[in-house]
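Asker: Quick one: this structure, given as structure tokens, is what I'll be asking you about.
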Amino acid sequence: MMKIKIVTIPGFHGSDDKHWQSWLERQLPNSERVGGIDWELPQILTWANAIEKHIDATPNRVILVAHSFGCLASALVASRLPEKVAGLILVAPASPQRFSMTGPIAVDSRPQNDISGFLPNRRLDTLGLLVASQNDPWMQFSQAEQFSRQWGLTLYDAGNAGHINSEAGYGEWPLIVEWVTSLQVLLESAMVNLSIQLPKKLMFSSSPYSA
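Next comes the structure, spelled out in structure tokens:
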């Protein structure tokens, strides 16, 4: 059986060695970080094209595990390549209103067109999870809720977890391994046994912070 590949996509500025994505890559031998991206130049189409090139180079289907701005590019890729993107885990997405086609929009800059129009506005044809923080400086929780409904992803409320990065204390994070491996087992089982019907949404343990 061909195993599903885990591909991580960091956000703006990348993910340092203490970041949970770097830790995840060390825990899972079938995982790898997407290449060919300038982490200091967040341009959604450039990033999406690089992700597509990366996953096209493997015969495996993939689970994309993204953070921050990487979540936006990954959602776009999932909408373009549903036959390759089997699963999606988006952690602390950044607001598309914070970015233009050429990069980040400064808070005090003149009005610019943001990248909202480039994101999928329909349910994605993949199982997935969106993990959001109540006090994330890059996206309000209400907007994360909206995206989870729009894309058909299960929402996990992480409470007051900041931007869920190394600065917020998210380095070694066993829960992300649990989510990724559970999703991988489910998807690979369905690939082997065609009688297994995948659920429309993932069901994980409820967040202790959920209302």
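The numbers in the numbering used here rise by one with no breaks, and the one at position 127 of the sequence shown is 143. By construction, the Cβ of each residue, glycine as well, lies at the ideal position given by its N, Cα and C atoms. Here the structure is a predicted model, which is why all the values come from computation and not from measurement.
Does DSSP put Glu194 in a helix, in a strand, or in coil?
Answerer: In the structure shown, Glu194 sits in a helix (DSSP, three-state: H, G or I).
Asker: Have a look at the DSSP bridge pairing and note the partners of Glu48.
Answerer: Note: Glu48 sits in a beta bridge opposite Val23.
Asker: For the segment 74-85 and the segment 21-39, state whether three or more C-beta atom pairs, one from each stretch, are separated by less than 8 Å.
Answerer: Contact between the segment 74-85 and the segment 21-39 is present, because at least three Cβ pairs lie under 8 Å.
Asker: So which of Asn76, Val50, Trp63 and Trp55 has the shortest CA-CA distance to His70?
Answerer: Ranking the options by Cα distance to His70, first place goes to Val50.
Asker: Under DSSP, the alpha helix (DSSP H) around Val93 begins and ends at which residues?
Answerer: Element bounds for Val93: Phe85 to Arg96.
Asker: List the whole-angstrom C-beta distance separating Gln113 from Asp141, where the pair is believed to meet the contact cut-off of C-beta under 8 Å.
Answerer: Not confirmed; about 26 Å, so no contact.
Asker: Between which two residues does the beta strand (DSSP E) containing Asp173 stretch?
Answerer: Its beta strand (DSSP E) spans residues Thr170 to Asp173.
Asker: Using only CA atoms, which one of Gln162, Ala66 and Tyr172 lies nearest to Gly52?
Answerer: It is Ala66 whose Cα lies nearest to the Cα of Gly52.
Asker: Determine the direct distance from the alpha carbon of Thr118 to that of Ala42, and round the result to whole angstroms.
Answerer: Rather than Ala, the amino acid found at residue 42 in this sequence is Arg. Going from the Cα of Arg42 to the Cα of Thr118 covers about 32 Å.
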